[in-house]
Amino acid sequence: MALARSATVGVGVVSPARIDEVNILEATREAMRLALARLRDVGPPAPWLLLVDGHLPVPGYAEQQIPLVKGDGRSLAIAAASIVAKEARDQLMRAYDRRWPMYGFAQHKGYGTIAHRRALAEHGPCPIHRASFSWTAPDD
């Protein structure tokens, strides 16, 4: 693995309603474009070499990009960006937990744990639960 001299990371967030509207893949691409827009606002001027974790390039990005399957294991820059993304998501889930404490988002971060599924069964979905996601109540 080669070390980069510097890297800039942008975070793009797409709402659960938007994911329901366009599907998870298109919402992911939209989040990538939002992250790039934020980079343009705060980062060094383009052109950039964009490293993308996965096999698909970012649509509409005119500069050089390299999609890397399992990129977080092949690039320290992608691995670092994955950590930033996870921390940003965890922070968002803690904020959701303050608004909807009955779901326990601060603990399970919205993943389909038994505790989360129990909360959904008891309280029903809240506005951040995706309507398009199929879940099952836990067997109790």
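First residue of the sequence shown: 1, per this note's numbering; consecutive thereafter.
Virtual Cβ for every residue (Gly too), placed ideally from N, Cα, C.
Practice prompt. Decide if the segment 88 to 99 is in contact with the segment 62 to 71; the criterion is three or more beta carbon pairs, one per stretch, under 8 Å apart.
Written response: no
Practice prompt. Give every residue of the same chain whose Cβ lies closer than 6 Å to the Cβ of His116, excluding the five residues on either side of it in the sequence, and list them in chain order.
Written response: His108
Practice prompt. Express the C-alpha separation of Gly54 and Leu39 in angstroms, rounding to a whole number.
Written response: Rounded to the nearest whole angstrom, the C-alpha separation of Leu39 and Gly54 is 20 Å.
Worksheet item: Using DSSP with H/G/I as helix, E/B as strand and the rest coil, what is Val52?
Response: DSSP, read as helix, strand or coil, puts Val52 in strand.
Discussion item. Mapping the DSSP letters down to three states, classify Ile128 as helix, strand or coil.
Written reply: Residue state, collapsed to three classes: coil.
Discussion item. Beta-carbon within less than 8 Å of His123's beta-carbon, same chain only, minus the 5 sequence neighbours each way: which residues are those?
Written reply: Met102, Tyr103
Worksheet entry | Nearest candidate by alpha-carbon position, reference Pro45, set Ser134, Leu36, Gly73 | Leu36
Worksheet item: Roughly how far, in whole angstroms, is the beta-carbon of Leu50 from the beta-carbon of Ser75, given that I think they are within contact range, below 8 Å?
Response: In fact, because the Cβ distance is near 11 Å, the residues do not count as touching under 8 Å.
Discussion item. Less than 6 Å between C-beta atoms, sequence neighbours within five positions excluded: which residues of the same chain meet that for Met93?
Written reply: Phe105, Lys109, Gly110
Fill in: Among Asp139, Leu34, Ala27, His129, the one whose alpha carbon lies nearest that of Ile114
Asp139
Practice prompt. Say yes only if the C-beta of Leu34 is nearer than 8 Å to one or more non-hydrogen atoms of the ligand PLP, and no if none qualify.
Written response: Among the components of this structure there are no ligands whatsoever, and the ligand PLP is therefore not found.
Worksheet item: Quick one: Cα of Pro57 to Cα of Ala131, how far?
Response: Rounded to whole angstroms, Pro57 to Ala131 spans 28 Å at the Cα level.
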